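Contents: one structure, followed by commentary.
Residue numbers (our numbering): 15 to 144.
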């Protein structure tokens, strides 16, 4: 791998790590591009080429993964979880959740059973597809 490709990957990883840490915060492409020290258009193209999905879709999936955990492990309302993981409206949250997981948040909560296995295995088994 060339030095330029390694540097590009490092920049994309830096932005993805920021998304992982601050998934509940409002993040947009210009903010993430600044973290990666590239232009917004270059960031979007390079992120997709590097990780196989757009920055927006990655952030949505990350938020849904966290919501899945909260739905399984807490009794908090779906609306509270929606806002806690960074969605601006329950409708957008439910539609995005259904697109990624294949069922609504309420259906997921009803069918989800807390399994007494290590969290890393649970996350791997229950991770939604990209």
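C-beta: ideal position from N, C-alpha, C; glycine also. Quick caveat: nothing in here was measured; it's all calculated off a predicted structure.
So, with DSSP's three-state summary, where would you put residue i?
i	result
residue 87	helix
residue 102	coil
residue 110	helix
residue 125	helix
residue 58	helix
residue 51	coil
Roughly how many whole angstroms lie between the Cα atoms of residue i and residue j?
i	j	result
residue 45	residue 24	17 Å
residue 132	residue 114	23 Å
residue 58	residue 110	20 Å
residue 87	residue 123	9 Å
residue 108	residue 16	42 Å
Between residue i and residue j, how many whole angstroms is the CB-CB distance? I'm expecting something under 8 Å.
i	j	result
residue 47	residue 54	4 Å
residue 142	residue 75	6 Å
residue 40	residue 81	Rounded, the Cβ-Cβ distance is 17 Å, inconsistent with contact.
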